[in-house]
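J.: Chains as they are written, first to last, in the working numbering: chain A, 22 to 207; chain B, 22 to 207. Virtual Cβ for every residue (Gly too), placed ideally from N, Cα, C. Note that the structure is a prediction, hence the values are computed from the model and not measured.
Protein chains: 2
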Amino acid sequence: MTGAAPARRTRRHDPHRRDRLIDAALAVIAEHGVAGTTHREIARAADVPLGSMTYHFDGLDDILAEAFTRHTESIARVFDERLTAARTRDEAVEAVVTLVADDLLSPGHDLILTVELYVAAARNPRLKAVTQAWMQRSRDALVRHFDPTTAREVDALIEGLTLHSALSTDPMTPAQIRHAIERYLR
Amino acid sequence: MTGAAPARRTRRHDPHRRDRLIDAALAVIAEHGVAGTTHREIARAADVPLGSMTYHFDGLDDILAEAFTRHTESIARVFDERLTAARTRDEAVEAVVTLVADDLLSPGHDLILTVELYVAAARNPRLKAVTQAWMQRSRDALVRHFDPTTAREVDALIEGLTLHSALSTDPMTPAQIRHAIERYLR
DNA sequence: ATTACATGTGTACGCTCGTACGCATGAGCA
DNA sequence: TGCTCATGCGTACGAGCGTACACATGTAAT
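1) Against chain B, with Cβ distances strictly below 8 Å, would residue 117 of chain A count as a contact?
2) Please check if any C-beta of chain B sits within less than 8 Å of the C-beta of residue 59 of chain A.
3) So which residues on chain A does residue 205 of chain B lean against when the C-beta distance must stay under 7 Å?
4) What's the C-alpha gap between residue 94 of chain A and residue 44 of chain A?
5) Cutting at 8 Å between CB atoms, please list the residues of its own chain near residue 100 of chain B, excluding the five before and the five after it.
6) Report all residues from its chain with a CB closer than 7 Å to the CB of residue 155 of chain B; omit the five preceding and five following residues, and keep chain order.
7) Using a C-beta cutoff of 8 Å, does residue 130 of chain B count as contacting chain A?
8) How should residue 58 of chain B be labelled, buried or exposed, when 16 other C-beta atoms within 10 angstroms of its C-beta is the threshold for buried?
9) For residue 102 of chain A, would you say it is in contact with chain B, using Cβ-to-Cβ distances shorter than 8 Å as the test?
10) Here's the rule: buried if 16 or more other CB atoms are within 10 angstroms of the residue's CB, otherwise exposed. What is residue 176 of chain A?
11) Check whether the Cβ of residue 201 of chain B lies closer than 8 Å to any Cβ atom in chain A.
12) For chain A, is any of its Cβ atoms less than 8 Å away from the one on residue 139 of chain B?
13) Taking only the alpha-carbon atoms, compute the straight-line gap between residue 53 of chain A and residue 75 of chain B and give it to the nearest angstrom.
14) Measure how close the beta-carbons of residue 66 of chain B and residue 49 of chain B come, nearest whole angstrom, since I'm counting them as under 8 Å.
15) Please report how far the alpha carbon of residue 51 of chain A lies from the alpha carbon of residue 113 of chain B, in whole angstroms.
16) What would DSSP say about residue 80 of chain B, mapped onto helix, strand or coil?
17) For the alpha helix (DSSP H) that residue 53 of chain B lies in, which residues bound it at each end?
18) Using the Cβ count rule (16 or more neighbours within 10 Å means buried), how would you classify residue 127 of chain B?
19) Contact criterion: CB-CB distance below 8 Å. Does residue 185 of chain B meet it with respect to chain A?
20) Taking beta-carbon pairs under 8 Å, can you tell me which members of the segment 43 to 56 of chain A lie near chain B?
21) Buried or exposed: residue 173 of chain A, going by 16 or more other Cβ atoms within 10 Å of its Cβ?
22) Starting from residue 177 of chain A, follow the alpha helix (DSSP H) in both directions and report where the run begins and ends.
23) Would residue 178 of chain A and residue 178 of chain B qualify as a contact pair, given that the criterion is a beta-carbon distance under 8 Å?
24) Just to confirm before moving on: does the CB-CB distance between residue 47 of chain A and residue 88 of chain A stay below 8 Å?
25) For residue 152 of chain B, return the contacting residues in chain A, with the cut-off set at a CB-CB distance below 8 Å.
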C-alpha cells in the first residue's frame, strides 16, 4: 500500500516532457533556490512521477546546466538583438538603458536566477562555462558600439545595478538606472 | 563500538569555542558554499564534536547569521575607517579605489562569501537584515564625501566590479578597477 | 570538601535526498 | 496484426542531514 491511490492519470506519450521539465526546474530554482532544488520538487512542479527524472536527465547537475543554459540564452538573445539593431552610439546607449531598466528589472524577470547561477557556478565547472559564455556574449555585443575598456566597465556597472536592485528593499527606479548608465556612457 | 577510538582528546574547558565555531563556519561557507555547510562540516573544521553545535547555537540559521554578521562587520569597519580618514574628495576617491582594488580583491579576501550571502539573504529574513545593514553602512560612509545619488551609483559600481572579478577567469587588474572608479568619480 | 551548574560529548531518531532498477505500456514499424 | 523498444512509472536502498537528549565532567561558589 502506497497510500491513497494517486489519481491514476494515464499520461503516457508526453512528447515535450523534457522541455517542460527544464521550465519546471527554472521555476523551482527561482522559488526555492538551487539549494532547494531537488528531483522530487521539479517532478512535483511539472506533475510528473519521480522516476521520470532519472530517465530524462543524467543527474541534478545535468538539469541545472540545461535550465541555466536556457535562461541565459534567452537573455543573451534579446541583448544581442537590441544592440545589433542600434545604428549610432546614442542608440546603443538607449538600448542598454532600456535593457536594464525595462527588461532585467521588470517584475516578470526573475533576477534572483542570475545570482543563483553565479553562486552555483563558483563550484560547478559546467555552470561556470555557462556563465562565462554568457558574459562573453554580452561583452561582445557591447564591443560593437564601445571600446573594449568601456564595454567591460559598463558590463560590470550593469551587473552591480541589477544585483543591487534585486536585493534592496528600496530598488532603484528606472529613472535612476538611466541616470547611472548615461552618466557613465555619455 | 563506534569505530576506531577517535583520539581521546580531553579538550574540556574551551573558552573561545563559540568564536572558533563562527570562524570555522565562515571557512566552511567559503569552501563549500552555504548549501554545503552543515553542522557536521563545521564541527569537523573546528575539530569539535557534533553535539557541541547544538549547545552553542539554536540551529543552522543561527550560525549562518552570526558568521555573516562577523564577516560583513569586519569589512564595514575598514570601509568606515578609510572614508572617515579621508579629508578631501580626492582622498575619498583614492580610499574607494584602494578598498576595492587592494582589499576586496586581495587573494586572502573571500569574495565568494559576499555572493553566498546575497543568495542566502534572498530567502532568509535574518540574513536579509544583515545584508541591508551592511549596504546601508557602506552607503552612509560614501555619503560623507559624495552626494546621495553618486553614492548609490558608485556603490552599485563597486558591487559589479567585485562580483565580476570574483567570477571571471580573467579578473580585472587593480589598474582596471582604478580606471573604472576614477572615470566615474572624477 | 561539597555542591550546583555551565559546558562538553556521544549517540540515536526520523526525515529527505539522489539514484537505481524492474516492470508496464503504447507508438511505430514490418 | 504482431513485435519491439523507447518511454513512462513505482518503489526501494543507502547515505547524510538536523536535532534532541541523556550522560559526563570540570569550575567556581560555598
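T.: This is what the structure gives:
1) no
2) no
3) 205
4) 13 Å
5) 120, 158, 159, 162
6) 93, 97
7) no
8) buried
9) no
10) buried
11) yes
12) yes
13) 26 Å
14) 5 Å
15) 39 Å
16) coil
17) 38 to 53
18) exposed
19) yes
20) 53, 54, 55, 56
21) buried
22) 169 to 188
23) yes
24) yes
25) 188
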